[in-house]
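A.B. asks: Pasting a structure below so you can have a look.
Numbering (my numbering), first residue to last: 54 to 482.
Below, the structure written as structure tokens:
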């Protein structure tokens, strides 16, 4: 492509002797894809330490999963190298424990931690008590959609998650697997059903009748009342009774740690795992004050670490499922700048989705030989955002926050346009 020609969705304009800002403005102004919505873009040059482009930088947008950047920063500042799995108080005859929000126990995408074997060892010689002091936690976040209850990304929030709080139904060459093996109320097969469907208020699951004839099948369905279901599963796994108590056992509690944090952070950011994001944010609160509350975690993180943001975000959950979340491109860019100053580049880049590589960006930026985008996407109907780090053709490091809301075209078309414009920016700088 000629250095002075820019083509976007069938529209071409000849650009002569224009500044970088003018060239980029023309691309945005002439994009028929972005024209139906509202666009904000900030570019910050890490080498020159200045903003080199801004458009609607102080306007508020629904961030969707760009919210996970806030959650990642909270985790990086608060949690250590390993995830706190549970708190416990031990005597000669009893073992009392309670959850922290650790989402990794028996999670299908992580190796088994030592938490289960630790509990098994205690159950052999002591009575087990579960402190139920965090039972008031709400199952769903503020503003979550009620009709998403059957979708894998809206698992319930619990102080002691297991199996990702979802039922995994999988069929392959080894046969049909249903995990966890829990005593569900009703599991029946129905004709005309293509996916597993749970009743909203109970663990009654309708399975596709054609499942027997399929060679492959995979679906994750959140199960209802996960806190109580998980405790019942744990009793069966330990082969012992666990007694709920409402008062903490006397004495100073200890902490058992489970998995290394980086592996968990990568999955949260690269594949945009909502369950992990929500529970990691809960973990931040439980680590600060043994308080499992999304509101507490957000208030604490905001006051401790985010008071210097350009505009205060409206932040209500850990994953970005809620449309109540609102933030500006400049605030996200400022947060990414803080992260870059406080943590090594290699660490940050390794946690983000990579353009043309792994995660939610593996289908984007594929025409480039070397990865140059390390970022977090965020999408829902009428929303597509991408924020992160860019390495330009000349080796410059840029921070960008490219936010698009309220468009009436498809997400895929906006995604392609974002791909196109960011690739052009790479060549210009």
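All C-beta atoms, glycine included, are put in the ideal place defined by N, C-alpha and C.
Can you tell me whether residue 248 is helix, strand or coil according to DSSP?
C.D. replies: Correct three-state label for residue 248: coil.
A.B. asks: Only counting the same chain, and skipping five residues up and downstream in sequence, which positions put a Cβ closer than 7 Å to that of residue 309?
C.D. replies: Excluding residues within five positions, the ones whose Cβ falls inside 7 Å are 138, 139, 141, 168 and 171.
A.B. asks: Can you say whether residue 367 is buried or exposed, counting buried as having 16 or more other CB atoms within 10 angstroms of its CB?
C.D. replies: The residue is exposed, with fewer than 16 neighbouring Cβ atoms inside 10 Å.
A.B. asks: Measuring alpha carbon to alpha carbon, tell me which residue in 119, 94 and 88 is nearest residue 371.
C.D. replies: Looking at the Cα atoms, 119 is the closest of the given residues.
A.B. asks: Between which two residues does the alpha helix (DSSP H) containing residue 359 stretch?
C.D. replies: First-last for residue 359: undefined, no H or E at that position.
A.B. asks: Quickly, what does DSSP pair residue 75 with across the bridge? List them, please.
C.D. replies: In DSSP, residue 75 forms no bridge with anything.
A.B. asks: Which one of 239, 264, 245 and 263 has the shortest CA to CA distance from residue 252?
C.D. replies: Minimum Cα distance to residue 252 is reached at 239.
A.B. asks: Going by C-alpha to C-alpha distance, which of 268, 179, 404 and 255 sits closest to residue 323?
C.D. replies: Among 268, 179, 404 and 255, the Cα nearest to that of residue 323 belongs to 404.
A.B. asks: With distance defined between alpha-carbon atoms, name the residue in 197, 163 and 173 nearest to residue 375.
C.D. replies: It is 197 whose Cα lies nearest to the Cα of residue 375.
A.B. asks: Would you report the Cα separation of residue 464 and residue 229, rounded to the nearest angstrom?
C.D. replies: Approximately 34 Å, taken between the alpha carbons.
A.B. asks: Taking DSSP as the reference, what is the three-state secondary structure of residue 478?
C.D. replies: Helix, per DSSP.
A.B. asks: Would you kindly work out how many angstroms separate the C-alpha atoms of residue 81 and residue 87, rounded to a whole number?
C.D. replies: Approximately 7 Å, taken between the alpha carbons.
A.B. asks: Does DSSP put residue 383 in a helix, in a strand, or in coil?
C.D. replies: In the structure shown, residue 383 sits in a helix (DSSP, three-state: H, G or I).
A.B. asks: So residue 153 and residue 336 are supposed to be a Cβ contact under 8 Å. How far apart are they, rounded?
C.D. replies: Right, the Cβ-Cβ distance comes to about 6 Å (below 8 Å), so this counts as a contact.
A.B. asks: Quick check: what's the CA-CA separation for residue 340 versus residue 127?
C.D. replies: So the two alpha carbons sit approximately 11 Å from each other.
A.B. asks: If the criterion is Cβ atoms closer than 8 Å, does the pair residue 443 and residue 475 meet it?
C.D. replies: Cβ atoms of residue 443 and residue 475: closer than 8 Å.
A.B. asks: Check the C-beta distance from residue 431 over to residue 417 and give it rounded, since I have them as a contact under 8 Å.
C.D. replies: In fact, because the Cβ distance is near 14 Å, the residues do not count as touching under 8 Å.
A.B. asks: To the nearest angstrom, how far is the alpha carbon of residue 480 from that of residue 266?
C.D. replies: Between residue 480 and residue 266, the C-alpha separation is close to 51 Å.
A.B. asks: Would residue 125 and residue 478 be called neighbours here (beta carbons separated by less than 8 Å)?
C.D. replies: Not a contact, by the Cβ cut-off of 8 Å.
A.B. asks: How do the region 378 to 385 and the region 292 to 303 stand: do at least 3 beta-carbon pairs fall below 8 Å, yes or no?
C.D. replies: No, because fewer than three Cβ pairs between the region 378 to 385 and the region 292 to 303 fall closer than 8 Å, the two stretches do not touch.
A.B. asks: Specify the secondary structure class of residue 313 as computed by DSSP and reduced to three states.
C.D. replies: Three-state DSSP puts residue 313 in a strand.
A.B. asks: Taking residue 210 as the reference, give the member of 203, 200 and 194 with the closest Cα.
C.D. replies: Minimum Cα distance to residue 210 is reached at 194.
A.B. asks: Which residues bound the alpha helix (DSSP H) around residue 130?
C.D. replies: It spans 120 to 131 - the alpha helix (DSSP H) in which residue 130 sits, taken as one unbroken run.
A.B. asks: Which of helix, strand or coil does DSSP assign to residue 143?
C.D. replies: Strand, per DSSP.
A.B. asks: Look at the alpha carbon of residue 216 and the alpha carbon of residue 74, and state the distance between them as a whole number of angstroms.
C.D. replies: Whole-angstrom Cα-Cα distance: 49 Å.
A.B. asks: Can you tell me the Cα-Cα spacing of residue 415 and residue 425, whole angstroms?
C.D. replies: Going by the C-alpha atoms only, they are around 12 Å apart.
A.B. asks: Which runs of the beta strand (DSSP E) at least 3 residues long sit entirely within the region 202 to 281? Give them in chain order.
C.D. replies: Entirely contained in the region 202 to 281, the beta strand (DSSP E) runs reaching 3 residues are, in chain order, 219 to 225, 228 to 232, 239 to 243, 257 to 261 and 270 to 275.
A.B. asks: Indicate the three-state DSSP secondary structure (helix, strand or coil) for residue 333 in the structure shown.
C.D. replies: It is helical.
A.B. asks: With distance defined between alpha-carbon atoms, name the residue in 343, 351 and 332 nearest to residue 305.
C.D. replies: Checking every option, the nearest Cα to that of residue 305 belongs to 343.
A.B. asks: Taking the beta strand (DSSP E) that residue 439 belongs to, which residues open and close that run?
C.D. replies: 436 to 444 is the extent of the beta strand (DSSP E) around residue 439.
A.B. asks: Evaluate residue 331 with the Cβ neighbour count: other Cβ atoms within 10 Å of its Cβ, from every protein chain shown; 16 or more gives buried, anything less gives exposed.
C.D. replies: When all chains shown are included, residue 331 counts as buried.
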